[in-house]
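What follows is the structure, given as structure tokens:
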């Protein structure tokens, strides 16, 4: 089965702690993306990567960090500097990063920080 | 505000009727458009796409219409079923992809 997976589905953390969200794809896609989804808002781009060992900030990168050491994996760390981290986080991948092909989304991770 | 949006935040449709969900986009340079379906607590699921050199594309029970003159995109779902209940949102693509906020489709029994 080809697809994109995210784990865990639900994550709870105390304020001040860093937390890493996992995203793995076996679609052999070059590009991967992290979005944040808040109620009543469209998806907002946090970071994206068009190729291994390279990534760029999206529209709301502050307080987040990523790495792309392997083509299949694009973990997102939500740091303690992120002022409002509670949200639904979505990872996506695409054949290429030039926005000419659809993005495939994972099931999402709901992060709650208290 | 966002350049891609939907005219109605919630649409209620009788089961068996056709549903039409609308989307306006603002960038005339956008050349690729996608409709996604998102069920509660899940990731968005690709439904259908259309490129700017087309004005209509059909899938299984779904049709996307593109009107470049007025920068309007619509998703038509034929014979709406309870399983169609979800949030539907469009995306426009040029050098970046912008997602709309979504329309919630509610199926009446």
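Protein chains in written order, with our numbering: chain A, 86 to 199; chain B, 12 to 120. Ideal placement from N, C-alpha and C gives every residue a C-beta, glycine not left out.
Chain D contacts made by the segment 107-139 of chain A, where a contact means CB separation under 7 Å: Within the model displayed, chain D is absent; protein chains A and B are what it includes.
For the segment 107-120 of chain B, which residues have a CB atom closer than 9 Å to at least one CB atom of chain A, in sequence order? Against chain A - using a Cβ distance shorter than 9 Å - the residues of the segment 107-120 of chain B are 107, 108, 109, 110, 111, 112 and 113.
Cβ pair residue 79 of chain B, residue 36 of chain B closer than 7 Å: Position 68 of the second chain, counting from 1, holds the residue named residue 79 of chain B. Position 25 of the second chain, counting from 1, holds the residue named residue 36 of chain B. Result no, Cβ atoms of residue 79 of chain B and residue 36 of chain B do not sit closer than 7 Å.
For residue 126 of chain A, which option in B/111, B/31 and B/59 has the closest C-alpha, if you only look at C-alpha atoms? Position 41 of the first chain holds residue 126 of chain A. Selected option, being the one with the closest Cα: B/111.
Please report whether the beta-carbon of residue 187 of chain A lies at a distance below 7 Å from any beta-carbon of chain B. In the first chain, counting from the first residue as 1, residue 187 of chain A sits at position 102. Contacts with chain B at 7 Å (Cβ-Cβ) include residue 187 of chain A.
Comparing C-alpha positions only, which one of A/112, A/150, A/165 and A/108 sits nearest to residue 181 of chain A? Working through the first chain from its first residue, we reach residue 181 of chain A at position 96. Nearest C-alpha to residue 181 of chain A among A/112, A/150, A/165 and A/108: A/112.
Buried/exposed call for residue 45 of chain B, threshold 16 Cβ in 10 Å: Within the second chain, the letter at position 34 stands for residue 45 of chain B. Around the beta carbon of residue 45 of chain B, 16 or more other beta carbons sit within 10 angstroms, so the residue counts as buried.
What are the boundary residues of the beta strand (DSSP E) that includes residue 98 of chain A? As a working mapping, residue 98 of chain A is identified with position 13 in the first chain. DSSP places residue 98 of chain A in the uninterrupted beta strand (DSSP E) bounded by 95-98.
Run down chain A in chain order and give the residues with a C-beta less than 8 Å from the C-beta of residue 104 of chain B. Within the second chain, the letter at position 93 stands for residue 104 of chain B. Listed along the chain, the chain A residues whose CB falls inside 8 Å of the CB of residue 104 of chain B are 184 and 185.
Kindly indicate which residue of B/106, B/43 and B/53 has the alpha-carbon position closest to the one of residue 67 of chain B. Counted from its first residue, the second chain places residue 67 of chain B at position 56. The closest CA to that of residue 67 of chain B, considering only B/106, B/43 and B/53, is found on B/43.
Is it the case that the Cβ atoms of residue 24 of chain B and residue 114 of chain B are separated by a distance below 7 Å? Here residue 24 of chain B refers to the residue found at position 13 of the second chain. Here residue 114 of chain B refers to the residue found at position 103 of the second chain. Residue 114 of chain B sits away from residue 24 of chain B, with the two beta carbons spaced by 7 Å or more.
Report the option in A/171, A/92 and A/143 whose CA atom is closest to the CA atom of residue 108 of chain A. The residue you call residue 108 of chain A lines up with position 23 of the first chain. The shortest C-alpha separation from residue 108 of chain A is found at A/92.
In chain order, what are the residue ranges of uninterrupted beta strand (DSSP E) at least 3 long that sit wholly in the segment 103-181 of chain A? DSSP runs (the beta strand (DSSP E)) wholly in the segment 103-181 of chain A: 104-110, 116-122, 129-136, 139-142, 149-151, 161-163 and 172-179.
For residue 121 of chain A, which residues in the same chain have their Cβ closer than 8 Å to its Cβ, ignoring the five residues on either side in sequence? In the first chain, the residue the question calls residue 121 of chain A occupies position 36. Answer for residue 121 of chain A: 128, 129, 131, 145, 172, 173, 174 and 175, listed in chain order.
Helix, strand or coil for residue 16 of chain B? Go by DSSP, reduced to three states. Counting from 1 along the second chain, the entry for residue 16 of chain B is found at position 5. Interpretation of residue 16 of chain B is limited by its pLDDT of 47, a score under 50 that renders its predicted location unreliable; no figure is taken from the coordinates.
Buried or exposed: where does residue 50 of chain B fall if 16 or more other Cβ atoms within 10 Å of its Cβ makes it buried? For the purposes of this step, residue 50 of chain B is taken as the residue at position 39 of the second chain. By the neighbour-count rule (16 or more Cβ atoms within 10 Å), residue 50 of chain B is not buried but exposed.
Tell me the residue span of the beta strand (DSSP E) that contains residue 198 of chain A. The residue you call residue 198 of chain A lines up with position 113 of the first chain. Run containing residue 198 of chain A: 194-198, per the beta strand (DSSP E) assignment.
Assuming residue 60 of chain B is part of the beta strand (DSSP E), what are its boundary residues? Position 49 of the second chain, counted from the start, is the residue given in the question as residue 60 of chain B. 56-62 is the extent of the beta strand (DSSP E) around residue 60 of chain B.
I need the boundaries of the beta strand (DSSP E) containing residue 26 of chain B, first residue and last residue. On the second chain, residue 26 of chain B is found 15 positions in, with the first residue counted as 1. No beta strand (DSSP E) contains residue 26 of chain B, which DSSP labels as neither H nor E.
Residue 191 of chain A: contacting residues in chain B (beta-carbon distance under 9 Å): For this step, residue 191 of chain A is matched to residue 106 along the first chain. Listed along chain B, the residues sitting closer than 9 Å to residue 191 of chain A by beta-carbon distance are 54.
If you follow the beta strand (DSSP E) that residue 92 of chain B is in, where does it begin and where does it stop? Numbered from its first residue, the second chain carries residue 92 of chain B at position 81. From DSSP, residue 92 of chain B is part of no beta strand (DSSP E); its letter is neither H nor E.
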